[in-house]
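Here is the structure we will look at, set down as structure tokens.
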């Protein structure tokens, strides 16, 4: 077995780091789809695996000695499911192997690989993926241990660093600005355009603020309906965006598709129909969803994440320091995982040694009634027989004998060069 306890871990997939948002929307995965992908993974010959599905990634994690097979299988499964071209999916895939894959898993769980560092939803999404894989019978042993260690990392990062407070502070700042503009939010309608990593947190904050109505619109109707059920909000068809803007006092834009969802003319028309009643627009997307010229409109109050960071008095420096602290936890837990794995690998040897000693003890007891002196001497001689024989056989091989002596010193805390052994003692050890 490799010295790396994560040697066979392979994680392959698509995420915000290497795939445009429009493609990620195509690959959005629901529970039923995760189960189907896992069934296909099993059919391809993999005995363990998890489909890591969040709003920003779809990745397959499995244990395999053939990472190239995992890459090809993941590309085929994702292409078959999404209807995309297999070669295109293959070009977009990222692949992590061994130690780097385990570090990636820990980073995902701790929200260090998220667009919004520290966002709180990703851990729950990872646990959902874990649950679906457990129900499919595809998680056990080493993979289960890796996932549990990932949860430990996430818990430590949340409790020992300020990383998780960053998105919460930004969301709270957004609510503060909304109240400054509109006063009592119970009279306000809120419109979510897409979700993204910040979107679900903002939806929860708006719900807690008792807005009059919370509405979600998304270019992919299926995704909108799935998210609306989870968030307990209404759905508006994407084609009705212009009318939805007229009704909205608060807009949270979180698509990040690379083109502007809210252009100047679109917002200007909505404000005109609203008779210039103000709209608070939170641009939570990366890249931006709101055209810069919208800022010029008198009744449109546009805040991006940087603006809200400043409102929250949480700057980039604090966030970067928290991220460094979080990465230190990731690396510490990687070392801890390796030590635990090494300890588990030693268990069979420890068990075998104990069983051998117990067998020798039973044989000594079975020889008849002996006083304590005789019984303990016989027991010591029997236990010394194997090591003594091995040392005698290695007498002519300096390197082998030196290795055995080092092992004895480490196992029993002795120095074989000190004390010596009489010929009589050596002969006794043979009996």
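Numbering (UniProt numbering), first residue to last: 1 to 431. For every residue, glycine included, the Cβ atom is placed at its ideal position computed from N, Cα and C. Just so you know, these numbers come straight off a predicted model, no measurement behind them.
*asked:* The beta strand (DSSP E) that contains residue 57, what's its start and end?
replied: The count along the chain shown starts at 1 and reaches residue 57 at position 57. Segment 57-63, the beta strand (DSSP E) holding residue 57.
_Is the beta carbon of residue 390 closer than 7 angstroms to that of residue 5?_
Walking along the chain shown from the start, residue 5 turns up at place 5. Walking along the chain shown from the start, residue 390 turns up at place 390. In this structure, residue 390 does not lie closer than 7 angstroms to residue 5 by Cβ.
_Sequence-distant residues of its chain with Cβ nearer than 8 angstroms to residue 104 (five each side left out)_ = By 1-based counting over the chain shown, the position of residue 104 is 104. So the qualifying residues of the chain are 11, 96, 113.
*Residue interval of the beta strand (DSSP E) (run including residue 15)*: Locating residue 15 in the chain shown gives position 15, counting from the first residue. 9-15 is the span of the beta strand (DSSP E), which, as asked, contains residue 15.
*Is the CB of residue 84 under 7 angstroms away from at least one CB in chain D?*
In the structure shown, chain D does not exist; there is a single protein chain.
*What separation, rounded to the nearest whole angstrom, lies between the Cα atoms of residue 1 and residue 63?*
If you number the chain shown from 1, residue 1 lands on position 1. If you number the chain shown from 1, residue 63 lands on position 63. At residue 1 the pLDDT is 43, less than 50, meaning the model places this residue with poor confidence and gives no usable figure here.
*asked:* Using CA atoms only, rank isn't needed, just tell me which of 244, 38, 218 is closest to residue 130.
replied: The residue labelled residue 130 in the question sits at position 130 within the chain shown. Of the candidates 244, 38, 218, the one whose C-alpha sits nearest the C-alpha of residue 130 is 38.
*asked:* If I follow the unbroken beta strand (DSSP E) through residue 95, where does it start and stop?
replied: Here the question's residue 95 lines up with position 95 in the chain shown. From DSSP, the beta strand (DSSP E) with residue 95 extends over 94-97.
*In the structure shown, what three-state DSSP assignment does residue 150 receive?*
In the chain shown, the residue the question calls residue 150 occupies position 150. Three-state DSSP puts residue 150 in a helix.
*For the ligand NAP, any of its heavy atoms closer than 6 angstroms to the Cβ of residue 226?*
Because no ligand of any kind appears in the structure shown, any question about the ligand NAP cannot be addressed here.
*asked:* Our contact map puts residue 267 next to residue 300 with C-beta atoms below 8 angstroms; I'd like the distance itself, whole angstroms only.
replied: On the chain shown, position 267 is the one that residue 267 refers to. On the chain shown, position 300 is the one that residue 300 refers to. Going by Cβ atoms, the distance from residue 267 to residue 300 rounds to 5 angstroms, so yes, they are a contact pair.
_Give me, in chain order, the residues of the same chain whose beta-carbon lies closer than 8 angstroms to that of residue 312; leave out the 5 immediate sequence neighbours on both sides._
Here the question's residue 312 lines up with position 312 in the chain shown. Hits under 8 angstroms: 169, 170, 172, 173.
*Tell me which same chain residues have a C-beta within less than 6 angstroms of the C-beta of residue 139, skipping the five on either side of it?*
For the purposes of this step, residue 139 is taken as the residue at position 139 of the chain shown. Within the same chain, residue 139 has close Cβ partners 133.
_Nearest-angstrom Cβ-Cβ length linking residue 244 and residue 191, presumed shorter than 8 angstroms_ = Your numbering for residue 244 matches position 244 in the chain shown. Your numbering for residue 191 matches position 191 in the chain shown. So it is a contact: roughly 5 angstroms between Cβ atoms.
*Tell whether a beta-carbon distance below 7 angstroms holds between residue 341 and residue 250.*
Here residue 341 corresponds to residue number 341 of the chain shown, with the count starting at 1. Here residue 250 corresponds to residue number 250 of the chain shown, with the count starting at 1. No, the pair does not count as a contact, with Cβ atoms beyond the cut-off.
*Return helix, strand or coil for residue 240, following the three-state DSSP convention.*
Against the chain shown, residue 240 aligns to sequence position 240. Residue 240: helix per DSSP, three-state reduction.
*Keeping to the same chain, check which residues put their C-beta closer than 7 angstroms to that of residue 152; ignore five residues upstream and five downstream.*
Position 152 of the chain shown, counting from 1, holds the residue named residue 152. Only 333 meet the Cβ criterion.
*By how many angstroms is the C-alpha of residue 247 removed from the C-alpha of residue 13?*
In the chain shown, counting from the first residue as 1, residue 13 sits at position 13. In the chain shown, counting from the first residue as 1, residue 247 sits at position 247. Their backbone Cα atoms lie some 39 angstroms apart in a straight line.
*How far does the alpha helix (DSSP H) with residue 172 in it reach, from first residue to last?*
Sequence index remark: in the chain shown, residue 172 carries index 172 (1-based). Counting along the chain, the alpha helix (DSSP H) containing residue 172 begins and ends at 165-182.
*When the Cα of residue 221 is compared with those of 126, 61, 194, which residue comes out closest?*
The residue labelled residue 221 in the question sits at position 221 within the chain shown. The option with the nearest alpha carbon to residue 221 is 194.
_In the DSSP output, which residue or residues are listed as bridge partners for residue 302?_
Against the chain shown, residue 302 aligns to sequence position 302. Answer is 281, bridged to residue 302.
*Between the stretch 354-367 and the stretch 376-391, do three or more beta carbon pairs fall short of 8 angstroms?*
yes
*Between the stretch 199-207 and the stretch 230-241, do at least 3 Cβ pairs fall closer than 8 angstroms?*
In this structure the stretch 199-207 lies against the stretch 230-241, because at least three pairs of beta carbons, one per stretch, are closer than 8 angstroms.
*Mind reading off the beta-carbon distance from residue 163 to residue 98? Whole number of angstroms is fine, and I expect it under 8 angstroms.*
Indexing the chain shown from 1 puts residue 163 at position 163. Indexing the chain shown from 1 puts residue 98 at position 98. Not quite, the Cβ-Cβ distance comes to about 26 angstroms (not below 8 angstroms), so this is no contact.
*In its own chain, which residues sit with a C-beta less than 6 angstroms from the C-beta of residue 378, not counting the 5 before and 5 after it?*
In the chain shown, counting from the first residue as 1, residue 378 sits at position 378. If we look at residue 378 and ignore the five residues flanking it on each side, its Cβ neighbours are 364.
*Tell me whether residue 52 sits in a helix, a strand or coil according to DSSP, three-state version.*
Here residue 52 refers to the residue found at position 52 when the chain shown is read from its first residue. Reduced to three states, the DSSP call for residue 52 is strand.
_First through last residue of the beta strand (DSSP E) which encompasses residue 217_ = For this step, residue 217 is matched to residue 217 along the chain shown. Where residue 217 is concerned, the enclosing beta strand (DSSP E) stretches over 213-217.
*Can at least three beta-carbon pairs, one atom from the stretch 317-327 and one from the stretch 106-123, be found at a separation below 8 angstroms?*
Put simply, the stretch 317-327 touches the stretch 106-123. At least three CB pairs are less than 8 angstroms apart.
_In whole angstroms, give me the CA-to-CA distance for residue 433 and residue 357._
Any property of residue 433 remains undetermined from this structure, which presents the chain solely from 1 to 431.
*Leaving out five residues before and five after residue 351 in sequence, what residues of the same chain have Cβ atoms less than 8 angstroms from its Cβ?*
One-based indexing of the chain shown puts residue 351 at position 351. Contacts found: none.
*From residue 16 to residue 199, what distance separates their C-alpha atoms?*
Counted from its first residue, the chain shown places residue 16 at position 16. Counted from its first residue, the chain shown places residue 199 at position 199. Cα to Cα, residue 16 sits roughly 15 angstroms from residue 199.
*Under the rule that 16 or more other beta-carbon atoms within 10 Å means buried, what is residue 120, buried or exposed?*
Taking the first residue of the chain shown as position 1, residue 120 is located at position 120. Buried: at least 16 other Cβ atoms inside 10 Å.
*Is residue 398 buried or exposed, if buried means 16 or more other CB atoms sit within 10 Å of its CB?*
Taking the first residue of the chain shown as 1, we reach residue 398 at position 398. Exposed.
*Helix, strand or coil: which one does DSSP assign to residue 18?*
On the chain shown, position 18 is the one that residue 18 refers to. Residue 18 falls in the coil class under three-state DSSP.
*asked:* Quick check for students: name the residue ranges of the alpha helix (DSSP H) that lie wholly in the stretch 106-136, counting only runs of 4 or more.
replied: 121-135
*Check each candidate in 18, 331, 106 and name the one with the smallest Cα separation from residue 90.*
The count along the chain shown starts at 1 and reaches residue 90 at position 90. Ranked by how close their Cα comes to the Cα of residue 90, the residues 18, 331, 106 have 18 in first place.
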